[in-house]
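Notes follow the structure.
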Amino acid sequence: MSMTNQNKIPPKKALVTGASGRLGVAAIEKFLAAGWEFVGVSHRKPSSRGGLKEESNET
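So for the sequence shown, the working numbering puts the first residue at 44; every next one is plus one.
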């Protein structure tokens, strides 16, 4: 194994519950600023945010 592969740090990932609430939005902003990957989960429809992808499982 090469030294390059051993030194790779996997990306930091987070799951944010309540992503459309005040705390969730604040957490998402901090994770984005720090370069984290994240998934946000919420019962309410999120407000429009640039650069974020919204997915819904509503039927």
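Just so you know, even glycine gets a beta-carbon here, dropped at the ideal spot from N, CA and C. The model shown is predicted, which means the values in this text are computed figures rather than measured ones.
Residue range of the alpha helix (DSSP H) that residue i falls in?
i: G67; result: R65 to A76
Does the Cβ of residue i have 16 or more other Cβ atoms within 10 Å, making it buried, or fewer, making it exposed?
i: V84; result: exposed
i: A62; result: buried
i: A70; result: buried
i: R87; result: exposed
i: V82; result: exposed
Counting along the chain, where does the beta strand (DSSP E) carrying residue i start and finish?
i: K56; result: K56 to T60
Going by alpha carbons, who is nearest to residue i out of the options?
i: P53; options: H86, R87 and W79; result: W79
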